[in-house]
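Chains as they are written, first to last, in our numbering: chain A, 7 to 116; chain B, 239 to 346.
1. Taking DSSP's pairing of strands, which residues face residue 35 of chain A in a bridge?
2. My assumption, with CB atoms under 8 angstroms, is that residue 33 of chain A sits in contact with residue 106 of chain A. Please give the rounded CB distance.
3. For my contact list, residue 87 of chain A and residue 27 of chain A are in at a C-beta cut-off of 8 angstroms; report their separation, rounded to the angstrom.
4. Tell me, please, whether the CB atom of residue 56 of chain A is closer than 8 angstroms to any CB atom in chain B?
5. Determine the direct distance from the alpha carbon of residue 109 of chain A to that of residue 280 of chain B, and round the result to whole angstroms.
6. Report the partner residues of residue 52 of chain A according to the DSSP bridge assignment.
7. Give a yes or no on whether the minimum CB-CB distance between residue 49 of chain A and chain B is below 8 angstroms.
8. In the DSSP output, what is residue 25 of chain A paired with across the bridge?
9. Using only alpha-carbon positions, find the residue among A/69, A/96, A/94, A/89 that is nearest to residue 83 of chain A.
10. Kindly identify the DSSP beta-bridge partner or partners of residue 262 of chain B.
11. From the DSSP secondary-structure annotation, give me the bridge partner or partners of residue 41 of chain A.
12. Taking the beta strand (DSSP E) that residue 71 of chain A falls in, what are its first and last residues?
13. Enumerate in chain order the residues of its own chain whose CB-to-CB distance from residue 24 of chain A is below 8 angstroms, with the five nearest sequence positions on each side excluded.
14. Which same chain residues, not among the five before or five after residue 339 of chain B, have their C-beta less than 7 angstroms away from its C-beta?
15. What are the boundary residues of the beta strand (DSSP E) that residue 286 of chain B is part of?
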């Protein structure tokens, strides 16, 4: 099992550009989520999904969209990147008691 | 509202000294609490969970409902314990709320 796979690992965007952060898991987990990690702010939940076809907002959803067409994939879209979205993004999936994290995407918006 | 508070952003201890990373929570239901650790340039990983009452890498954490705390402790810190530690609260439906994290540095 690969676990949770995120791509890309690094990305630099210009303000106003759009992009999609990819996340895939091969553990057949129903629950998937996206977090952003910022110094002094910890991990904040952006969006989550409890299963294919179902998504919901977390703590900081503005500026981000998600979809869940399959159990395996949970992409995060930035429609118009802003410098405030410079962060490290983690995708995670969970079943039961624990969360499995991806290796993260470091995004810089200039 | 659900909250997880880690009051210390940075914590430094000498090798061999005891270490305690504080975590307080607010939750109206029966909490499920966890500690996650992130070593340098690695992904977050589970360290321990309160329902297991286990000791992992010498770390323990006891849930104190009266004080609404779940502090992480280790009697003798090692250099390899240097990492970022996150306390997390699990809500029904598998939502996890994380604290702001404590960066632990163990000084040789």
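Quick reminder that beta carbons are idealized off the backbone N, C-alpha and C, glycines included.
With the structure as the only source:
1. Here residue 35 of chain A refers to the residue found at position 29 when the first chain is read from its first residue. Paired residue(s): none; residue 35 of chain A is not in a bridge.
2. Locating residue 33 of chain A in the first chain gives position 27, where the first residue counts as 1. Locating residue 106 of chain A in the first chain gives position 100, where the first residue counts as 1. Yes, residue 33 of chain A and residue 106 of chain A are in contact; Cβ-Cβ is about 7 angstroms, under 8 angstroms.
3. Position 81 of the first chain, counting from 1, holds the residue named residue 87 of chain A. Position 21 of the first chain, counting from 1, holds the residue named residue 27 of chain A. That belief does not hold up - the Cβ atoms of residue 87 of chain A and residue 27 of chain A are roughly 11 angstroms apart, past 8 angstroms.
4. Here residue 56 of chain A corresponds to residue number 50 of the first chain, with the count starting at 1. So yes, residue 56 of chain A belongs to the interface.
5. Taking the first residue of the second chain as 1, we reach residue 280 of chain B at position 42. Taking the first residue of the first chain as 1, we reach residue 109 of chain A at position 103. Going from the Cα of residue 280 of chain B to the Cα of residue 109 of chain A covers about 7 angstroms.
6. Taking the first residue of the first chain as position 1, residue 52 of chain A is located at position 46. None, per the DSSP bridge assignment.
7. Working through the first chain from its first residue, we reach residue 49 of chain A at position 43. So, interface residue.
8. Within the first chain, numbered from 1, the residue matching residue 25 of chain A stands at position 19. Note: residue 25 of chain A sits in a beta bridge opposite A/84.
9. Mapped onto the first chain, residue 83 of chain A falls at position 77. Ranking the options by Cα distance to residue 83 of chain A, first place goes to A/69.
10. Residue mapping note: residue 262 of chain B aligns to position 24 of the second chain, counting from 1. BP columns for residue 262 of chain B point to B/243, B/307.
11. Translated into positions along the first chain, residue 41 of chain A becomes position 35. A/51, A/96, per the DSSP bridge assignment.
12. Translated into positions along the first chain, residue 71 of chain A becomes position 65. Looking at the DSSP string, the run of the beta strand (DSSP E) that includes residue 71 of chain A is 70-72.
13. Counting from one through the first chain, the residue named residue 24 of chain A turns up at place 18. Cβ neighbours of residue 24 of chain A beyond the five flanking positions: 83, 84, 85, 86, 87.
14. The residue given as residue 339 of chain B occupies position 101 in the second chain. Hits under 7 angstroms: 244, 322, 323, 324.
15. Taking the second chain and counting its residues from 1, one reaches residue 286 of chain B at position 48. If you look at residue 286 of chain B, you'll find it in the beta strand (DSSP E) that goes 283-287.
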